[in-house]
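This report concerns only the one structure given below.
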Amino acid sequence: MTYVTYGGVTVGLLLLAWHLATWWPGLKALRSTPAGHAADLFPFLLAWSYGVLTILGIGGLIGWAARTTLWISNWLGDVALVWGVGGQSGQRAGAAVYLPLTQAGGGIVLILTVVMVALAKKSRYGDDLKRGAWCGICLGTSAGVAGFAAAPLAVAVNWLGDGVYGAFQ
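Using the working numbering, you'd call the opening residue of the sequence shown number 584 and step up by one each time.
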């Protein structure tokens with residue numbers, strides 16, 4: 584089972600804080616065109632959702648890459664907590680309840696993987712997409728707010744997969 588430590592959650596929160604700090608347009612600009620500035624967060628949110636989906640129990644190479652990313656993030660965060668602020672390493676953060684993806688939901692995640700790789704390579708939002716996916720992987724198995732987002736995402740992807748693959752039967 585894949586689990587996240589306090590270090591992994593810290594890395595995820597650091598990625599989120601970095602993105603929000605670099606995105607922040609200022610209060611005056613945000614008040615003048617809120618929809619335009621909010622739309623700038625969409626690539627990160629899309630990638631964050633994808634990251635959560637990949638850590639939900641996807642197997643194969645995609646699941647291995649997500650679990651490896653989480654393992655490295657746990658290690659990096661634990662090292663930062665121990666050496667940076669004198670904390671303890673290896674403590675598990677609360678675990679989220681997994682909602683398994685169906686076969687059709689897994690197919691949708693595979694399609695999303697191809698789309699995310701293409702967008703990360705060709706889009707001007709490549710860094711936002713990479714940072715968002717990494718953040719989603721780190722926070723996707725936590726029991727906090729990110730853990731609560733995992734169930735609706737899995738249900739939505741399973742529903743979408745049933746609709747897409749049901750059309751070909």
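C-beta atoms are modelled at their ideal positions from N, C-alpha and C, and glycine is treated no differently. Keep in mind the model is a prediction, meaning the values are calculated, not measured.
{"query": "Is the separation between the beta-carbon of Thr637 and that of Gly646 shorter than 8 Å?", "result": "yes"}
{"query": "I want to know whether the stretch 586-603 touches the stretch 698-716 - three or more CB-CB distances under 8 Å.", "result": "yes"}
{"query": "By the 10 Å Cβ neighbour count, where 16 or more other Cβ atoms means buried, how is Ala649 classified, buried or exposed?", "result": "buried"}
{"query": "To the nearest angstrom, how far is it from the Cα of Gly643 to the Cα of Pro683?", "result": "15 Å"}
{"query": "Going by the beta-carbon positions, is the gap between Gly723 and Ala733 smaller than 8 Å?", "result": "yes"}
{"query": "Identify, in the order they occur along the chain, each residue of the same chain with its Cβ nearer than 6 Å to the Cβ of Gly719, setting aside the five sequence neighbours on each side.", "result": "Trp631, Gly634 and Val635"}
{"query": "So is Gln674 in contact with chain D if we call contact Cβ pairs under 8 Å?", "result": "Structure shown: chain D not included; a single protein chain is present."}
{"query": "Using a threshold of 8 Å, state whether the C-beta atoms of Ile691 and Val740 are closer than that.", "result": "yes"}
{"query": "On a Cα-Cα basis, can you pick out the residue from Trp607, Trp666 and Leu639 that is closest to Leu624?", "result": "Trp607"}
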